[in-house]
Structure formats: C-alpha cells, structure tokens
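**Q** Adding 5 to a residue's 1-based position in the sequence shown gives its number in the working numbering. Here a beta-carbon is modelled for each residue, glycine too, at the ideal position from N, C-alpha and C.
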Amino acid sequence: MANGMGSLYIGVSGLQSAQTALNTTAHNLSNINSTGYTRQQTSFATATYLPIGSGLSTKQYGLGVKIEDIRRVRNEFVDDAYRSSNGRLGYYKSQYEAVEEVEELFGELQGVTYQESLNNLKEAINELSKNPTSTTARTSVIQQATAFMTRSDTIYKQLNAYQTTLNAQVSNLVDKIKDLNKRILDIEGAGVESANDLRDQRDNALDELSQYINVDYYYTSEGKLVVNAEGTPFVTEGLVNHMSMRISNDRGL
Numbered sequence: 006m007a008n009g010m011g012s013l014y015i016g017v018s019g020l021q022s023a024q025t026a027l028n029t030t031a032h033n034l035s036n037i038n039s040t041g042y043t044r045q046q047t048s049f050a051t052a053t054y055l056p057i058g059s060g061l062s063t064k065q066y067g068l069g070v071k072i073e074d075i076r077r078v079r080n081e082f083v084d085d086a087y088r089s090s091n092g093r094l095g096y097y098k099s100q101y102e103a104v105e106e107v108e109e110l111f112g113e114l115q116g117v118t119y120q121e122s123l124n125n126l127k128e129a130i131n132e133l134s135k136n137p138t139s140t141t142a143r144t145s146v147i148q149q150a151t152a153f154m155t156r157s158d159t160i161y162k163q164l165n166a167y168q169t170t171l172n173a174q175v176s177n178l179v180d181k182i183k184d185l186n187k188r189i190l191d192i193e194g195a196g197v198e199s200a201n202d203l204r205d206q207r208d209n210a211l212d213e214l215s216q217y218i219n220v221d222y223y224y225t226s227e228g229k230l231v232v233n234a235e236g237t238p239f240v241t242e243g244l245v246n247h248m249s250m251r252i253s254n255d256r257g258l
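1. Under the rule that 16 or more other beta-carbon atoms within 10 Å means buried, what is V240, buried or exposed?
2. Which residues mark the beginning and the end of the beta strand (DSSP E) in which I72 is found?
3. Give me the Cα-Cα distance between Q174 and S134, rounded to the nearest whole angstrom.
4. State buried or exposed for Q100, treating a residue as buried only when at least 16 other CB atoms are found within 10 Å of its CB.
5. Curious, which full-length beta strand (DSSP E) runs of at least 3 residues does the region 162–215 contain?
6. For L34, verify whether its CB is less than 7 Å away from any heavy atom of the ligand ADP.
7. Can you tell which of L214, G69 and I182 has its C-alpha closest to the C-alpha of R204?
8. According to the neighbour-count rule (16 or more other Cβ atoms, all chains shown, within 10 Å of its Cβ), is E108 buried or exposed?
9. Considering A234, what are the terminal residues of the beta strand (DSSP E) in which it resides?
10. Per DSSP, what are the beta-bridge partners of D221 in this structure?
11. Out of curiosity, what's the CA-to-CA distance linking E128 and N136?
12. By a C-beta neighbour count over all protein chains shown, 10 Å radius and 16 as the cutoff for buried, is L211 buried or exposed?
13. With distance defined between alpha-carbon atoms, name the residue in L126, M154 and A52 nearest to R143.
Below you can see the structure in the form of structure tokens.
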C-alpha cells in the first residue's frame with residue numbers, strides 16, 4: 006500500500022494530467038479556424054511503479070497517471086493521397102492561371118492586342134514597299150516598328166517578372182520547410198515537448214508546395230522532412246536547392 010505522500014502524489018498526477026488534457030482541448034477550440042491546424046489528442050499512461058519490501062515479499066505501488074504523448078490526429082495515407090491529387094489539381098490550376106496572365110499581358114481581352122501591333126507594322130512595311138521614296142511611308146514604318154518593339158520589350162519583361170514570382174513562391178515554401186525542420190528538431194531534441202503546431206505549419210507548407218511541382222518526401226529518424234521535387238533533392242537534412250531561371254541559347258529562356 007502506498008504511504009500518505011504517495012497517495013497525495015497520485016492525486017496530484019491525476020489533477021495535472023486532467024489539466025493538460027483540458028489545455029489540449031482549449032488549444033483545439035482556439036485553433037478551429039487556423040489554416041493547416043490538426044486536432045491534437047492527449048494520451049494517458051500508467052506512471053512508474055515503486056517497490057515495497059524486499060525478497061519474496063516485494064510488492065509494488067503506483068504513482069498514478071502521466072501524460073504519455075500529445076499527438077496530432079492525422080493520417081499519413083490520407084496526406085499522401087491528398088498531396089497526389091493536389092498536385093494534379095495544382096498543375097491544371099497553374100496552367101489556367103498562366104494562360105489568363107499571358108492573355109492579360111498580351112492584351113487579348115482588353116481590345117489592345119499584340120497582334121494589332123504586328124499587323125500595323127506589316128501594313129506600314131507594305132506601304133513603304135509600294136513607294137520606297139515616300140517620307141511619310143518611312144516615318145510610318147519607324148513609328149510602327151518603335152511601337153512594336155516597345156510593346157514586345159514590355160511583354161518580355163512582364164513574362165520574366167511573372168516567372169520570377171512563381172519561382173519566388175516555391176523558393177519561399179522550400180526555405181520555410183527547412184526553417185521549420187530546424188525549429189522542430191531544436192524543440193523535440195530534448196524529448197520533453199512535441200512541436201505539433203510547427204509540424205502543422207510544415208505540413209501546410211508541403212501541401213502548398215505540392216500545388217506547384219510533383220513532390221515526394223519522407224521523414225528521417227530525427228523527424229526532419231526531406232523533399233524531392235521531380236525526382237531531384239529539393240529540401241535535404243541540411244540544405245535547400247533554390248530554383249532559378251537561365252537563358253537558353255536555342256529557345257531564349
């Protein structure tokens with residue numbers, strides 16, 4: 006039978022465990038509208054037993070209850086299926102948004118089309134070919150050529166800026182995952198506390214990343230998330246590989 010202090014400790018352990026469970030419930034309720042948040046669940050376990058007596062008459066008494074873990078209620082198989090489907094959805098969504106962006110840059114929906122600039126230049130050149138000595142025709146060609154080149158240069162810069170924006174979005178998500186890897190390891194390295202909220206943020210970043218590129222991933226024994234993009238290492242245990250854009254001699258981009 007436990008002594009008096011042991012009995013008090015059993016009561017204290019029950020109250021502390023119940024308080025932790027209530028805190029977890031309150032945390033769930035306060036984050037019900039938080040993007041990417043995963044419901045957490047408290048697991049209880051029997052506390053350490055202590056021996057009484059010695060030899061054949063040795064008995065044990067318990068010290069009550071303890072918190073075994075505060076875990077996220079999340080299914081890895083559902084995560085995999087979601088990210089796979091999300092990748093396909095993201096591919097078609099990005100294609101649609103890219104087409105809309107390009108149409109807007111070329112002015113196809115605003116009535117000031119890029120084709121119109123090209124047609125004006127062709128007409129001016131045709132008029133000049135009919136009368137090469139005409140000052141008016143030459144001036145018209147220069148004006149239309151200048152307008153066409155200005156429009157083309159503007160569209161080129163805007164397309165480059167759009168590509169840079171897409172690259173930056175992916176790069177920021179990759180950097181975020183790497184930073185969360187480090188923060189999670191720092192918190193959970195001592196084995197005292199679970200960084201559940203940070204894991205939610207990391208999973209949410211991975212969900213967003215799957216919209217842009219085809220990703221596969223795994224967790225190391227330390228809990229770090231390693232991500233491969235299109236079969237290429239993207240986020241490893243100690244570094245990230247950034248996206249970039251380069252000029253190709255044969256295609257221009």
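**A** To lay it out plainly:
1. With 16 or more other Cβ atoms within 10 Å, it is buried.
2. That run of the beta strand (DSSP E) goes V70 to R77.
3. Their backbone Cα atoms lie some 49 Å apart in a straight line.
4. Burial call: exposed.
5. As far as the region 162–215 is concerned, it has no whole beta strand (DSSP E) run of at least 3 residues.
6. Inclusion of the ligand ADP in the displayed structure is not the case, the ligand content being empty and no account of it being possible.
7. Distance check between R204 and each of L214, G69 and I182 places I182 closest, using alpha-carbon atoms only.
8. With fewer than 16 Cβ atoms within 10 Å of its Cβ, E108 is classed as exposed.
9. Looking at the DSSP string, the run of the beta strand (DSSP E) that includes A234 is L230 to A234.
10. D221 pairs with N233.
11. Going from the Cα of E128 to the Cα of N136 covers about 13 Å.
12. Flag for L211 reads buried.
13. Minimum Cα distance to R143 is reached at L126.
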